[in-house]
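S.K.: Chains as they are written, first to last, in the numbering used here: chain A, 1 to 167; chain B, 168 to 334. Here a beta-carbon is modelled for each residue, glycine too, at the ideal position from N, C-alpha and C.
There are 2 protein chains.
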Amino acid sequence: MANATTDGGRLGHEELGWTLGVLLRHYQDEVGQVLADVPQGHRGFQVLASVVHGDQRSQLALAGHLGIDRTVMTYVVDDLVTAGLVERQVDAADRRQRRLVATTTGRQRLAQLERDVRAAEDRALSSLASEDRTTLRHLLAAAACAIRQIEPVRDPCEAVEGALQRG
Amino acid sequence: MANATTDGGRLGHEELGWTLGVLLRHYQDEVGQVLADVPQGHRGFQVLASVVHGDQRSQLALAGHLGIDRTVMTYVVDDLVTAGLVERQVDAADRRQRRLVATTTGRQRLAQLERDVRAAEDRALSSLASEDRTTLRHLLAAAACAIRQIEPVRDPCEAVEGALQRG
DNA sequence: TATTGTTATACTCTATAACTATA
DNA sequence: TATAGTTATAGAGTATAACAATA
């Protein structure tokens, strides 16, 4: 018999554009309050997080990772620098590139922000059971990492402990 | 030991803002091509779909459902009307409201578009195994429906067959 | 000549305000 | 007085183009 998965037909409330849109708006409402005082809000938080976690090696790489334009990245970083959360360093190996490094203040600020953001995320997904939230997070991470061609993290514990050792 | 689910700490690639953002952009790239000729693109498609499926009873309700401003809704509907896909009808019970109804052309157009969009969605999630795609769709739908306070569909087959009978 | 980052500018998208008509 | 829809306008956000520094 026809079903929503195989008939290729009517999508209704499973249409990805709608579900992703609803979820992202709701997420931004919840998280927006937490990040109200962060320079450039959610963008600033994402840049700071990537810098602290050391994901990317230049502003351009960071822009690609976060899906924003390099001209936008400039003033997002400007504001983070002004706020004393990150610093620009010229890459010695390629002096065109700027390596972004977090200040002590930036790392401390991020640690608290990530706790608050995580709590806001859980509020945004509060309608789901705890195990469903975890499943959703993992599937979203797997899909997003595949799209960005990043090796997905198999074991979240490992990754976190790695981060703790680095930090 | 610390883990990503309970320590409330570092988020990395499980941060919802990033995963939802990556996925939505990728989705828009894929689906954007399919909807290039639809008036107002993805917005126009979503409005047309809601009209055909009879979800909402006025432009304002529709705007809330899709998370867009009522002033935007006006010209999205304008373009769909111009394209002959939907019609505005004054609601007899409240003459301030406009009931949107799909034309025959609009219904036929949507049927084909939904097949194409579904295919594009599957391409966007092609890195996930089939059963993981289904799980992700259901969890996203459950979360989004809860946020919008819509009764989530328990059995997708039922919903589709209901739609088929109505259509 | 190509790339990174910056600046200035133009464009697009969205929200605000004011208006009409209905209730 | 309040609400649905429309229109015009202003604002925010984004992309485009031109430039400097470096490869």
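Tell me whether L100(A) sits in a helix, a strand or coil according to DSSP, three-state version.
M.R.: Three-state DSSP puts L100(A) in a strand.
S.K.: Per DSSP, V51(A) is paired with what?
M.R.: Looking at the DSSP assignment, V51(A) forms no beta bridge with any residue, so it has no partner.
S.K.: Would V189(B) count as contacting chain A if we go by Cβ distances under 7 Å?
M.R.: V189(B) counts as touching chain A.
S.K.: Taking Cβ to Cβ, would you say V189(B) is nearer than 7 Å to I68(A)?
M.R.: It is not a contact, given that the beta carbons lie outside the stated cut-off.
S.K.: From the beta carbon of I235(B), is the nearest beta carbon of chain A less than 7 Å away?
M.R.: So no, I235(B) is outside the interface.
S.K.: At which residue ranges does the stretch 36-82 of chain A contain complete alpha helix (DSSP H) runs of 4 or more residues, listed in the order of the chain?
M.R.: Counting only runs of 4 or more, we get 41-53, 59-66, 70-82.
S.K.: Compute the Euclidean distance between the alpha carbons of Q275(B) and L215(B), then round it to the nearest angstrom.
M.R.: So the alpha carbons of these two residues sit roughly 11 Å apart.
S.K.: With respect to the beta strand (DSSP E) encompassing Q256(B), which residues constitute its N-terminal and C-terminal limits?
M.R.: Its beta strand (DSSP E) spans residues 253-257.
S.K.: Does DSSP classify I147(A) as helix, strand or coil?
M.R.: Helix.
S.K.: Around the Cβ of E318(B), are there at least 16 other Cβ atoms within 10 angstroms (buried) or fewer (exposed)?
M.R.: Exposed: under 16 other Cβ atoms inside 10 Å.
S.K.: For H25(A), report the span of its alpha helix (DSSP H) as first-last.
M.R.: The sequence given here has Arg at residue 25(A), not His. Taken as a continuous stretch (DSSP letters only), the alpha helix (DSSP H) holding R25(A) covers 16-34.
S.K.: Quick one: which chain A residues come within Cβ less than 7 Å of A269(B)?
M.R.: Here the premise fails: no neighbours, minimum Cβ distance about 13 Å.
S.K.: In its own chain, which residues sit with a C-beta less than 8 Å from the C-beta of L128(A), not counting the 5 before and 5 after it?
M.R.: Excluding residues within five positions, the ones whose Cβ falls inside 8 Å are L136.
S.K.: For the stretch 222-236 of chain B against the stretch 262-271 of chain B, are there 3 or more C-beta pairs whose distance is under 8 Å?
M.R.: With a cut-off of 8 Å, the stretch 262-271 of chain B and the stretch 222-236 of chain B count as touching, because enough Cβ pairs lie within range.
S.K.: Give the residues of chain B in contact with L170(A), contact being defined as C-beta atoms less than 8 Å apart.
M.R.: Examination of residue 170(A) is not possible in this model, given that chain A is present from 1 through 167 alone.
S.K.: Does any residue of chain B have a CB that is nearer than 7 Å to the CB of A120(A)?
M.R.: No, because no Cβ of chain B sits closer than 7 Å to the Cβ of A120(A).
S.K.: Give me the subset of the stretch 48-74 of chain A whose CB atoms are less than 8 Å from a CB atom of chain B, sorted by chain position.
M.R.: Correct list: A49, H53, L66, G67.
S.K.: Looking at C-beta atoms only, is the number of pairs between the stretch 110-124 of chain A and the stretch 68-82 of chain A that lie closer than 8 Å three or more?
M.R.: Short answer: they don't touch.
S.K.: Could you have a look at A296(B) and say whether DSSP puts it in helix, strand or coil?
M.R.: Reduced to three states, the DSSP call for A296(B) is coil.
S.K.: Any beta carbon of chain B sitting closer than 7 Å to that of R88(A)?
M.R.: Taking Cβ atoms only, chain B never reaches closer than 7 Å to R88(A), which makes this a no.
S.K.: Between D132(A) and chain B, is the shortest Cβ-Cβ distance under 7 Å, so that the two count as touching?
M.R.: So yes, D132(A) belongs to the interface.
S.K.: Establish whether the CB of G184(B) and some CB of chain A are separated by less than 7 Å.
M.R.: It does; some Cβ of chain A falls within 7 Å.
S.K.: Residues of chain B with CB under 7 Å from A36(A), in chain order?
M.R.: Within chain B, no residue comes near A36(A); the closest Cβ sits about 15 Å away, beyond 7 Å.
S.K.: Give a yes or no on whether 7 Å exceeds the smallest Cβ distance from R274(B) to chain A.
M.R.: Answer no: the Cβ-Cβ gap between R274(B) and chain A never drops below 7 Å.
S.K.: Could you pull out every residue in the same chain whose Cβ sits closer than 8 Å to the Cβ of T82(A), ignoring the five residues on either side in sequence?
M.R.: P39, listed in sequence order.
S.K.: Within 10 angstroms of its Cβ, does R43(A) collect 16 or more other Cβ (buried), or is it exposed?
M.R.: R43(A) is buried by the Cβ-count criterion.
S.K.: Between R25(A) and chain B, is any beta-carbon pair separated by less than 7 Å?
M.R.: Output row for R25(A): interface = yes.
S.K.: So which of D37(A), L20(A), A142(A), Q46(A) has the shortest CA-CA distance to A102(A)?
M.R.: Per the Cα distances, Q46(A).
S.K.: At least one CB of chain A closer than 7 Å to the CB of R361(B): is that the case?
M.R.: Any answer about residue 361(B) is impossible in this case: the structure gives chain B only from 168 up to 334.
S.K.: Q213(B) touches chain A at which residues, Cβ-Cβ below 8 Å?
M.R.: Ordered by position in chain A, the residues that pass the 8 Å Cβ test against Q213(B) are E15, G17, W18.
S.K.: Listing by chain order, which chain A residues have their CB less than 9 Å from the CB of L295(B)?
M.R.: The answer, in chain order, is L139, A142, A143, A146.
S.K.: Please state if the CB of V244(B) and the CB of G273(B) are separated by a distance shorter than 7 Å.
M.R.: No. Outside cutoff.
S.K.: Are the Cβ atoms of L24(A) and L202(B) separated by less than 7 Å?
M.R.: Not a contact, by the Cβ cut-off of 7 Å.
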